[in-house]
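These notes concern the structure reproduced below.
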Amino acid sequence: MAGTGLVAGEVVVDALPYFDQGYEAPGVREAAAALVEEETRRYRPTKNYLSYLTAPDYSAFERERVGGICGFISLLFNFRYELPAPSSGQKNDITAWQECVNNSMAQLEHQAVRIENLELMSQHGCNAWKVYNENLVHMIEHAQKELQKLRKHIQDLNWQRKNMQLTAGSKLREMESTWVSLVSKNYEIERTILKTKILPLLLPRDTIIQRNAAN
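If you're matching positions, the sequence shown starts at 34 in this note's numbering and goes up one per residue.
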């Protein structure tokens with residue numbers, strides 16, 4: 034079959050797997066395996082083309098970095114729950130005591146916000162979780178519908194390809210039969226013409242004169 038969008042006179046030969054026969058004939062599978070083996074001998078595949086490299090040691094630089102971050106985070110979180118008093122040298126420093134008071138107020142406000150968040154979670158968290166689950170269910174249903182549409186589209190496309198190939202195969206078979214018939218007729222015509230040319234050369238001269246006289 035000729036492909037679309039090709040240069041004039043260019044033809045692409047396509048297989049018709051829904052119509053062609055003979056794939057299970059003796060020797061076909063062996064011939065295909067031989068072609069594959071020849072290809073793999075020229076381009077030997079490797080399971081791991083990076084096998085010659087040494088395995089990277091990620092822990093060599095990750096441990097120090099992660100350890101530093103964890104230490105900083107633990108220090109940050111612990112500071113929220115601490116209420117340090119002024120040091121012994123700052124017992125009479127009003128600024129130090131003011132900083133302690135501000136820190137205490139910040140900690141109390143932080144705890145109050147956490148309590149409010151927990152109360153809101155206890156009141157609305159269950160419904161919010163249900164809504165979230167419902168949204169997930171709708172998303173799954175939508176994805177399943179899209180999957181069914183895609184599968185149906187693939188099935189329709191396969192049926193369309195099958196019908197096109199069967200139709201093309203029937204036309205090819207009909208054209209092949211017509212070609213064989215025309216070739217046979219041409220052979221008979223050439224045979225008859227050749228016979229009329231050679232027969233006079235094979236007959237005796239007297240017989241030819243008698244036939245011409247009779248005509």
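Idealized CB from N, CA, C, for every residue including glycine.
Residue i and residue j closer than 7 Å at C-beta
i, j, result
"Tyr260", "Lys195", "Any question about residue 260 goes unanswered here, given that the chain covers just 34 to 248."
"Gln198", "Leu49", "yes"
"Pro119", "Ala129", "yes"
Cut-off 8 Å between Cβ atoms - residues of its own chain near residue i, not counting five sequence neighbours on either side
i, result
"Met138", "none"
"Ile222", "none"
Sequence-distant residues of its chain with Cβ nearer than 7 Å to residue i (five each side left out)
i, result
"Lys230", "none"
"Gln123", "Ala129"
"Lys178", "none"
"Asp126", "Pro119"
Option in the options with minimal Cα separation from residue i
i, options, result
"Gln54", "Arg206, Ser210, Asn168", "Arg206"
"Asn136", "Glu57, Glu174, Glu115, Asn150", "Glu115"
Self-check item: Length-filtered (4 minimum) alpha helix (DSSP H) runs lying within the segment 145-181
Solution: The segment 145-181 contains no whole alpha helix (DSSP H) run of 4 or more residues.
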